[in-house]
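Chains Y and S, in that order, are what the protein sequence lines are.
Residue numbering for the first sequence follows numbering that gives the first Met the number 0, starting at 0 and increasing by one per position.
Residue numbering for the second sequence follows numbering that gives the first Met the number 0, starting at 0 and increasing by one per position.
Glycine is no exception: its CB is placed at the ideal position from the N, C-alpha and C atoms.
Quantities reported herein were computed from a predicted structural model and do not represent experimental measurements.
Shown next, in structure tokens, is the structure this report addresses.
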Amino acid sequence: MDLLNIDYEKYTLNNGLNVILYQKKNLPLVAVNIWYKVGSANEVKGKTGIAHLFEHMMFQGSKHVPKEKHFKFIQEAGGTLNASTSFDRTNYYEKLPSNYLELALWLESDRMGFFLPVLDKIKLENQREVVSNERLQRYDNQPYGLAWETIITNLFPQNHPYSWPTIGFMEDIKSYSLYDVSNFFKSYYSPSNACLVIAGNFETDKAKELIELYFSEIKRTDTKQTQSFKNFKLKENIFIHKKEKVQLERIYLVWPTNKIFSKDDAQIDVLGDILAGSKTARLNEQLVHKLEIAQDIQAFQISGNFGGAFLISATVKPNINPEKVKSEIFKSINKLIDKGSTEKELLKSKNGIKSQFIYSLQNLDTMADQLNNYNFYLNEPNYFSFDLNRYSSVTEKGLLNVAEKYLLNNHLELRISPEQ
Amino acid sequence: MIKLKRISAPKPQKISPFSLPKIEELQITNINKIIYVQKKNLPIVRFSYVLELGSRFDPADKKGLANLFGMVLDEGAGRLNALELKEKFQMLGTNFSINTSKDSVSFSFLSLKENFSKSLYLINLILTKPNFSEKDFEREKSKILTSHQQIQDSADYIADISFDSLIFENNSYAFPTIGIKDHLTKLSLQDIKVYYKNIFKKAIPYLIIVGDLEKKNLARAVQTKFGPIRQYNSIKKMDKISGQKKTQIYFVNKKGSVQSGIRIGHINNKRNEKDFYSKTLLNTIFGGQFSSRLNLNLREKKGYTYGIHSSFDNYKDASVFNISTSVSSENTANAIGEIIGEMEKIRKGVTKEELSFAKSSISKRFPSNFETYGQIASNISSIIKHNLPNNYFNDYLKKINKVTLNEVKNTAVKNIHPKKSIILVVGDKEKILTQLEKLKLGKITEVGIFGDKL
């Protein structure tokens with residue numbers, strides 16, 4: 000499909016910084032999006048969450064940008080900005096009126112090259128409090144908010160880079176020192192460990208000149224590598240039962256899968272969609288619609304550089320035996336493995352995925368981020384069509400294969416029940 | 000060759016032109032209002048069918064009716080049962096949704112251009128030939144009752160629902176869209192059918208369509224599908240909302256909470272053209288974005304919270320000033336003290352720099368409010384909601400930039416009332432009560448999870 004064929008230019012500065020340019024001139028906007036190849040997977044036990052805390056510190060000013068000014072400059076220019084940290088990477092992004100491209104490059108290059116001179120204890124203590132509150136607000140104080148943390152700490156083998164949460168454990172958040180922060184910067188925030196995407200309304204020659212001007216003088220440093228981790232299987236089923244302040248019981252079933260963009264990756268995504276991606280998906284039809292034993296149900300995969308997991312979760316309706324819900328989930332899985340999927344449900348899933356690809360082209364910042372995503376994992380930014388093709392070429396047989404290959408293995412089960 | 004100068008922020012280049020999307024009104028007999036915006040860059044269409052029939056019109060003993068109606072309406076239509084109908088949308092790759100709020104109920108979809116007609120056919124089927132089967136009704140009713148039970152787990156839901164309940168007292172805006180449990184239990188399929196026949200079918204919709212379509216064909220397609228509809232006149236007048244006389248503290252005891260959810264605010268005069276622009280600027284400076292006074296103080300200076308936000312929430316017939324945040328339990332009173340302090344402070348006015356920052360931010364950000372199909376549709380829907388002219392956005396920036404320092408100050412004095420606010424805290428009583436008492440800001444009352452008197 001032509002729409003999904005993105006015309007881009009990619010090159011590397013002398014200091015190793017990757018640059019991707021993509022012109023789209025329908026609006027006077029420009030998106031700037033940087034991915035640093037560092038996430039919580041690069042952390043060590045005892046210092047979990049530092050990649051994310053570090054992301055916060057990057058907004059606390061740099062040598063030529065006073066504290067609080069980073070946000071102010073961009074917002075005053077009519078821009079929006081934020082950042083996020085995941086297992087594998089940290090991204091920083093802003094979208095501005097196109098005549099402010101240089102402002103964004105000045106700010107991004109200043110914190111890439113001149114972060115350390117103005118780092119201080121007051122900033123760290125402040126953001127430590129902010130991040131502690133973020134953890135409380137988004138996880139500890141949310142119903143079922145600690146489920147994900149419980150799952151990954153028990154599913155992934157000890158020392159696996161995904162065996163701790165990206166937000167970090169509270170006692171670790173309380174423990175980082177200034178040395179930890181500056182050391183983290185030195186270990187990972189080299190231009191050679193980053194990729195800068197500029198998407199939107201700009202003149203190529205001018206943009207290149209500005210990028211060279213602001214970024215080329217930043218020296219590259221050696222970055223730490225994290226060892227890759229072999230795929231693993233669970234030796235036996237794991238069962239964890241927790242009681243929490245919730246009204247309804249929830250069941251989580253989790254199976255280890257594979258790395259992102261590996262052979263089975265797209266099939267497993269479609270498997271999730273067919274099981275519980277919509278109200279007409281198998282588990283929804285059976286458990287929510289027909290039997291009315293579950294309030295809601297989800298099935299999806301998360302995968303990254305170091306592995307993946309397939310997760311099914313269901314909230315049990317009041318006065319229903321959770322065992323019934325669990326056994327119905329397995330019945331549906333076994334039926335799928337026994338009889339396979341139908342042509343129609345596969346088509347339904349593929350049509351949905353195709354539309355979502357096209358809808359996602361509406362946002363300049365989403366596109367800039369996707370270019371970085373493909374480049375990060377596949378070293379090829381223009382992967383939209385290929386990616387869609389991964390999904391449209393999934394076959395009934397392929398689906399059956401991955402269901403057999405993964406869902407018949409040992410799994411982890413987490414139960415969260417009401418306290419009373 | 001440009002010279003590198005890191006010491007100060009670089010100047011912007013020449014500004015690129017931006018033209019607003021053209022808002023057109025299609026003239027079709029017997030139908031309220033059809034707003035069309037041609038947008039060409041992608042082969043997609045965004046469609047909304049909106050009725051001003053929100054949950055605030057729920058009868059006094061049937062709170063939750065509009066919302067449950069929305070849930071039941073798309074459970075099968077024509078010869079299609081609930082699942083077949085949903086499957087049809089999925090086959091088209093169309094994202095269809097029904098959304099009920101206090102002011103309106105909307106039926107929207109995002110579809111590929113090639114599937115627009117088929118999606119339109121399906122939405123029309125839902126609106127005109129719903130199945131209303133007993134089984135579907137009972138299932139959806141049971142779902143909403145379960146949701147009702149589940150929201151008790153969430154501090155945010157509790158805070159939002161009880162805040163509205165305290166702010167609006169006996170006004171119909173006081174009740175949550177999701178409804179009241181005892182009312183929901185008693186609702187029957189007959190209620191839904193009566194609602195459909197007497198209220199829904201007689202209400203006049205407005206349609207918002209954004210996409211790359213031929214105007215003439217579009218008018219024809221819509222005319223055959225959606226006209227004519229008879230006028231429905233009996234929209235109720237709003238009950239008067241009295242507002243607070245003096246500041247009072249309410250709290251919901253959520254045992255075991257590690258944070259306190261805080262809402263502070265009061266009733267405000269209804270959205271009107273006279274002070275809308277100065278309110279917008281005032282709120283931008285006070286708590287409307289990251290670099291606001293509230294956020295810089297409570298997050299970036301004190302570290303009490305992950306974030307704090309304020310807004311003038313403009314309903315069709317009412318407006319509320321609302322500050323909302325979550326803070327660690329031990330800082331509950333400290334945070335409230337700082338917020339009240341900021342409310343007092345802003346009544347003394349803002350600085351020239353602050354005002355010019357806010358104007359710059361809003362003006363320069365303007366083009367990005369029209370990036371996606373959904374953003375455009377939602378902007379139009381707010382024009383209609385507040386009875387604004389179709390060329391509303393043409394003068395928007397001019398009006399923003401005309402606001403003076405003095406006007407912002409007056410607006411603050413008239414619209415931010417630290418001494419006449421409701422302060423609501425959702426948290427662990429044991430951890431917060433002594434703190435709240437020490438604040439000495441007003442009477443402290445414990446309320447139930449929906450803001451109800453205990």
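Going by DSSP, name the residue or residues bridged to S:Leu423.
When beta bridges are read from the DSSP output, S:Leu423 appears opposite S:Tyr249, S:Arg262.
Can the beta-carbon of S:Leu188 be found less than 8 Å from the beta-carbon of S:Leu67?
Between S:Leu188 and S:Leu67, the C-beta gap is not smaller than 8 Å, which leaves the two residues out of contact.
Just how far apart, CA to CA, sit Y:Lys404 and S:Arg55?
Cα-Cα distance, rounded: 52 Å.
With DSSP as the reference, label Y:Tyr405 as helix, strand or coil.
Looking at Y:Tyr405 - three-state DSSP - the assignment turns out to be helix.
Minimum C-alpha distance to S:Asn94 - residue among S:Phe46, S:Ile125, S:Arg138, S:Pro129
Comparing Cα-Cα distances from S:Asn94 to each of S:Phe46, S:Ile125, S:Arg138, S:Pro129, the minimum goes to S:Phe46.
In whole angstroms, what separates the C-alpha of S:Thr283 from that of S:Ile322?
Cα-Cα distance, rounded: 13 Å.
Sub-8 Å separation of Y:Ile121 and Y:Gly48 beta-carbons:
Y:Ile121 places its beta carbon 8 Å or farther from that of Y:Gly48.
Any C-beta of chain S under 8 Å from that of Y:Ala76:
Taking Cβ atoms only, chain S reaches closer than 8 Å to Y:Ala76, which makes this a yes.
Y:Phe238 to S:Asp57 span [Cα, whole Å]:
Looking at the two C-alpha atoms, the distance is approximately 46 Å.
Would you verify that the beta carbon of S:Glu370 is, or is not, closer than 8 Å to some beta carbon of chain Y?
Contacts with chain Y at 8 Å (Cβ-Cβ) include S:Glu370.
Residues that DSSP places opposite Y:Phe309 in a beta bridge:
BP columns for Y:Phe309 point to Y:Trp254, Y:Gln300.
Going along chain S in order, which residues have a C-beta closer than 8 Å to the C-beta of Y:Ser277?
Residues of chain S passing the Cβ test: Lys85, Gln89.
Terminal residues of the beta strand (DSSP E) in which Y:Trp465 lies:
Since the first residue shown for chain Y is 0 and the last is 419, residue 465 of chain Y is missing from the structure and cannot be characterised.
At a Cβ cut of 7 Å, what residues of the region 81 to 113 of chain Y count as close to chain S, listed as they run along the chain?
Flagged, chain order: Lys94, Pro96, Ser97, Asn98, Tyr99, Glu101, Leu102, Trp105, Asp109.
Is the Cβ of S:Arg292 closer than 8 Å to any Cβ of chain Y?
Cβ-Cβ to chain Y under 8 Å: no for S:Arg292.
Return helix, strand or coil for S:Ile307, following the three-state DSSP convention.
Strand, per DSSP.
Going by DSSP, what residue range makes up the alpha helix (DSSP H) through Y:Gln22?
Per DSSP, Y:Gln22 belongs to no alpha helix (DSSP H); it is in the beta strand (DSSP E), 17 to 22.
Please list the residues of the region 138 to 169 of chain S that have a C-beta atom closer than 8 Å to any C-beta atom in chain Y, keeping them in chain order.
Answer in chain order: Arg138, Ser141, Lys142, Thr145, Ser146, Gln148, Gln149, Gln151, Asp152, Ser153, Ala154.
S:Phe46, DSSP secondary structure in three states
Strand, per DSSP.
In whole angstroms, what separates the C-alpha of Y:Ile420 from that of Y:Glu216?
For chain Y, the structure presents residues 0 to 419; residue 420 of chain Y sits outside this window and is missing.
Less than 7 Å between C-beta atoms, sequence neighbours within five positions excluded: which residues of the same chain meet that for Y:Gln59?
Once the five neighbours on either side are set aside, the close Cβ partners of Y:Gln59 are Lys66, Lys122, Gln126.
Span of the alpha helix (DSSP H) around Y:Thr365
From DSSP, the alpha helix (DSSP H) with Y:Thr365 extends over 363 to 377.
Spatial neighbours of Y:Lys242 within its chain, please: C-beta separation below 6 Å, excluding the five flanking residues on both sides.
Setting aside the 5 residues that flank it on each side, Y:Lys242 is surrounded in the same chain by Ser416, Glu418, each with a C-beta closer than 6 Å to its C-beta; the list follows chain order.
Cα-Cα separation, Y:Thr425 to S:Ile207
Not covered by the structure: residue 425 of chain Y. The range shown for chain Y is 0 to 419.
Three-state secondary structure (DSSP) at S:Ala8?
Residue state, collapsed to three classes: coil.
Just checking my contact of Y:Val18 with Y:Leu195 at CB under 8 Å: how many whole Å lie between their CB atoms?
Their Cβ separation, rounded to whole angstroms, is 5 Å, which keeps Y:Val18 and Y:Leu195 in contact under 8 Å.
Just verifying my parser: in three-state terms, what is the DSSP assignment at Y:Gln294?
In the three-state reduction of the DSSP assignment, Y:Gln294 falls in the strand class, which pools E and B.
How would you call Y:His240, buried or exposed, if buried means at least 16 neighbouring beta carbons within 10 angstroms?
Exposed is the call here.
Residues of chain S with CB under 9 Å from Y:Ile357, in chain order?
Per Cβ cutoff of 9 Å: Leu41, Pro42, Ile43, Gly92, Leu111.
Bridge-paired residues (DSSP) for S:Asp312:
Note: S:Asp312 sits in a beta bridge opposite S:Val319.
Please report the Cβ distance between Y:Pro255 and Y:Leu282, rounded to the nearest whole angstrom; I am assuming they are in contact, meaning their Cβ atoms lie under 8 Å.
Separation of the CB atoms of Y:Pro255 and Y:Leu282 is rounded to 20 Å, and the pair is thereby denied contact status at 8 Å.
When the cut-off is 8 Å and only beta carbons count, does S:Tyr120 lie next to chain Y?
No, S:Tyr120 does not count as interfacial toward chain Y.
Quick one: is S:Val49 buried, meaning 16 or more other Cβ sit within 10 Å of its Cβ, or exposed?
Buried is the call here.
Tell me where the beta strand (DSSP E) around Y:Pro96 begins and ends.
89 to 96 is the extent of the beta strand (DSSP E) around Y:Pro96.
Between the beta-carbon of S:Ser161 and the beta-carbon of S:Val424, is there less than 8 Å?
No, they are not a contact pair.
In terms of DSSP beta bridges, what is S:Thr444 paired with?
Bridge partners of S:Thr444: S:Tyr249.
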